[in-house]
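Here the working numbering is used: the first residue of the sequence shown is 20, the next is one more, and so on. The structure appears below as structure tokens.
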Amino acid sequence: MKIIAKSVAILGAGRSGLAAARLLHNQGKRVLLSDHRSIPPQVKGELRVHEIAYEEGGHTERVLDGELIVLSPGVPLEIPILAEARRRGIPIIGELELAYRSCKSRKIIAVTGTKGKSTTTKLIGELLRAHGYKVVVAGNIGRPLSGELERIDEETIVVLEVSSFQLESVVEFHPWISLFLNLAPDHLERHGSLENYFRIKCRIFSNQTDEDFAIVHRSLLPRLPELRPRLLTFGPEDLPRVELGGLFPHLREDLAAALCAARLVEPGIDLSRIDLEKALTMPHRLEFVAEVGGVRFYDDSKATNVMATLAAIASFPDSSLTLILGGRAKGESFSPLAREVKKRRIAALLLGEAEIDLAREFERLGHQRFYFIHDFHEAVRLALEIGHEVCLLSPACASFDMFSDYAARGEAFREAVRALRSSLSPCSSDQSPSRSHPEESLIELPRREGG
20 MKIIAKSVAI
30 LGAGRSGLAA
40 ARLLHNQGKR
50 VLLSDHRSIP
60 PQVKGELRVH
70 EIAYEEGGHT
80 ERVLDGELIV
90 LSPGVPLEIP
100 ILAEARRRGI
110 PIIGELELAY
120 RSCKSRKIIA
130 VTGTKGKSTT
140 TKLIGELLRA
150 HGYKVVVAGN
160 IGRPLSGELE
170 RIDEETIVVL
180 EVSSFQLESV
190 VEFHPWISLF
200 LNLAPDHLER
210 HGSLENYFRI
220 KCRIFSNQTD
230 EDFAIVHRSL
240 LPRLPELRPR
250 LLTFGPEDLP
260 RVELGGLFPH
270 LREDLAAALC
280 AARLVEPGID
290 LSRIDLEKAL
300 TMPHRLEFVA
310 EVGGVRFYDD
320 SKATNVMATL
330 AAIASFPDSS
340 LTLILGGRAK
350 GESFSPLARE
360 VKKRRIAALL
370 LGEAEIDLAR
380 EFERLGHQRF
390 YFIHDFHEAV
400 RLALEIGHEV
410 CLLSPACASF
420 DMFSDYAARG
430 EAFREAVRAL
440 RSSLSPCSSD
450 QSPSRSHPEE
460 SLIELPRREG
470 G
């Protein structure tokens, strides 16, 4: 159904909100962009040029003057202004739903799950593009669909990463092929329970018919509702027997899911047509940064939940680890992570809002090898002193307590590693600060009040 409203309020001035504002403005709609935070000056400049109205520092009654409200993914459905909008009968949809209604292609492949969405989405796009298909990759991968519509025609295959935040507000969104990769507790601070989180994820199937396809990990089958689309499954036994070089074993499941989807479009998929190692590498996903003083530093800032961090730890089965944890908790239990940290005798460096909760979990299990840090510069220096083979930033938390997003957090970590390397550059490798045995090199840092 096309957007017939002439006046639209958009909540959230991030990437998705701005893309939606541009789309609706170009369609001749009267737009108000509203954000509860301040809007960056460069964004306000663009809005003024296009004569798009905006407000910042809170959502006012002006939002209720619109005939339609469009939400950025980060805006919760329960905020007071939306409760009032529902009371008044004003329709509320998300940016993904808005873009879908204006999308010329119905050849949509949508990928959801707790972990591996971005890698799988990218892989599907790479595989199909290598076989001559016109492909646009968008969604939660960092490119809102609203901003990609000009590149899409009826023959374009659209591959979307779709989050639970986006699925909350879909109405008509109808993928041709949907993928549900896995499930673990995540975003419980917003969704309330694992059961509700799962129910929201399953909305990816809501509008599919028996002419469509659903690709689901076999571990999800016992809890899956009855589905209308044709069901395909994948699991560990389907993992492709291909050489992944220096890449991590857990990526095989992402590859298995991507191949399952791509072969529905092109049965003769040939993996040799793509650079598999490049296709499986994503920024801030277990990305090697540098080796300094015998310590290998990895950026896994994208690991914003416990499941992702456990997968990261498992990627280094034979290495001693220093693990940087913390940020804004998402309502899930840290117990599985704490048990693995204790079992592997990992040194944990804690920062951000969740540091006290993490510390309490370690103390409950009797694991004393954790230390509070103020920033990444302190973290990387301590990691060098500890002397474990790998220092891994894999926070198991969101970044919003200290950074604008996980990418900004990852860049801050990388900059700290670069600064550490520069500070040691006059020394040759055998002149780097000497490191005692890891068990003897841990420095007791003072606890900080609060969190």
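Glycine included, C-beta positions come from ideal geometry on N, C-alpha and C.
What is the DSSP secondary structure of A24, reduced to helix, strand or coil?
If DSSP states are grouped into helix, strand and coil, A24 belongs with coil.
Output yes or no for whether 8 Å exceeds the beta carbon distance between S334 and H236.
No.
Does the beta carbon of I127 sit closer than 8 Å to a beta carbon anywhere in chain C?
Annotation note: the requested chain C is absent from the structure, which comprises a single protein chain.
Check whether the Cβ of C122 sits closer than 7 Å to any heavy atom of the ligand HEM, and report yes or no.
Among the components of this structure there are no ligands whatsoever, and the ligand HEM is therefore not found.
Answer yes if the stretch 52–60 comes into contact with the stretch 187–206, meaning at least three C-beta pairs across the two stretches below 8 Å, and no otherwise.
Flag = no, the stretch 187–206 and the stretch 52–60 do not touch.
Is D231 helix, strand or coil when you go by DSSP?
D231: coil per DSSP, three-state reduction.
Which residue from A24, E245 and H393 puts its Cα closest to that of E374?
The candidate whose alpha carbon is nearest that of E374 is H393.
Tell me which residue opens and which closes the beta strand (DSSP E) that S352 is part of.
Where S352 is concerned, there is no enclosing beta strand (DSSP E), given that its DSSP letter is neither H nor E.
Checking the sheet assignment: what are the DSSP bridge partners for E80?
Answer is none; E80 lacks a bridge partner.
In chain order, what residues of the same chain lie with their CB nearer than 6 Å to the CB of G350, ignoring the 5 residues before and after it?
So the list reads L207 and E208, once near-sequence residues are dropped.
Tell me whether the beta-carbon of L83 lies closer than 8 Å to the beta-carbon of Y73.
No, the pair does not count as a contact, with Cβ atoms beyond the cut-off.
Cα separation between R272 and R148?
The question names Arg, but residue 272 is Glu in the sequence shown. In a straight line, the C-alpha of E272 is about 21 Å away from that of R148.
Where DSSP assigns a beta bridge to I64, which residues make up the other side?
Ile is not the amino acid found at residue 64; the sequence shown has Gly there. In DSSP, G64 forms no bridge with anything.
Counting only the same chain and skipping the five closest in sequence on each side, list residues whose C-beta sits under 6 Å from that of R34.
Within the same chain, R34 has close Cβ partners P163.
Does the Cβ-Cβ distance between L369 and F391 come in under 8 Å?
Yes, these two residues count as a Cβ contact at 8 Å.
Can you tell me whether A118 is helix, strand or coil according to DSSP?
Here A118 sits in helix by DSSP.
If I measure Cβ to Cβ from C122 and keep anything under 8 Å in the same chain, skipping five residues before and after, which residues do I get?
L164, L168, I171 and V177, listed in sequence order.
Near L200, what residues of its chain come up, given a Cβ to Cβ distance below 8 Å and the 5 sequence neighbours on each side ignored?
The answer, listed in chain order, is V130, T131, G132, T133, K134, G135, K136, T139, H236, E272, D273 and A276.
Look up F307 in the DSSP assignment and give the residues it is bridged to.
Bridge partners of F307: Y317.
In the DSSP assignment, what are the bridge partners of E74?
DSSP lists S53 as partners of E74.
Please go through the same chain and pick out, in chain order, the residues whose beta-carbon is closer than 7 Å to the beta-carbon of D449, but skip the five residues on each side of it.
The predicted model places D449 with a pLDDT of 37, which falls under 50 and marks its position as unreliable; any figure quoted below should be read in that light. If we look at D449 and ignore the five residues flanking it on each side, it has no Cβ neighbours.
Would you mind reading off the limits of the beta strand (DSSP E) that contains E180?
Start and end: I176 to E180.
Starting from Y216, follow the alpha helix (DSSP H) in both directions and report where the run begins and ends.
Residues L213 to K220.
Looking at the structure shown, is H206 part of a helix, part of a strand, or coil, going by DSSP?
Looking at H206 - three-state DSSP - the assignment turns out to be coil, as it is neither helix nor strand.
Thinking just about the alpha-carbon of each residue, which of R383, R400, I98 and L246 is nearest to the one in A435?
Checking every option, the nearest Cα to that of A435 belongs to R400.
Would you decide whether S447 is buried or exposed? Buried here means 16 or more other CB atoms lie within 10 Å of its CB.
Low per-residue confidence applies at S447: pLDDT is 38, beneath 50, and the placement is therefore not dependable, though the value from the model is reported in the following sentence. Burial call: exposed.
Residues in its own chain within less than 6 Å of P204 by CB, not counting five upstream and five downstream?
Counting only Cβ-Cβ distances below 6 Å, and skipping sequence neighbours, we find L213 and E351.
Under 8 Å by Cβ, that's how I've got I343 and A280 pegged, so tell me the actual separation to the nearest angstrom.
Between A280 and I343 the Cβ distance is about 34 Å, and since that is not below 8 Å, they are no contact.
Since L342 sits in a beta bridge, which residues does DSSP pair it with?
According to DSSP, L342 bridges with A367 and L411.
The alpha helix (DSSP H) that contains S238, what's its start and end?
Per DSSP, S238 belongs to no alpha helix (DSSP H) and is neither H nor E.
List the DSSP bridge partners of I128.
Partner(s): V178 and I196.
On the premise that G287 lies in contact with L443, defined as a C-beta separation below 8 Å, what is that separation, rounded to the nearest angstrom?
About 51 Å separates the two Cβ atoms, so there is no contact after all.
Is V360 near H386, with beta carbons less than 8 Å apart?
Yes, these two residues count as a Cβ contact at 8 Å.
The alpha helix (DSSP H) spanning I405 covers which residue range?
From DSSP, the alpha helix (DSSP H) with I405 extends over F395 to I405.
Does the stretch 402–420 come within contact of the stretch 285–300, defined as at least 3 CB pairs closer than 8 Å?
No, they do not touch.
Using the beta-carbon count (16 or more within 10 Å), is E380 buried or exposed?
Answer is buried; the Cβ neighbour count reaches 16.
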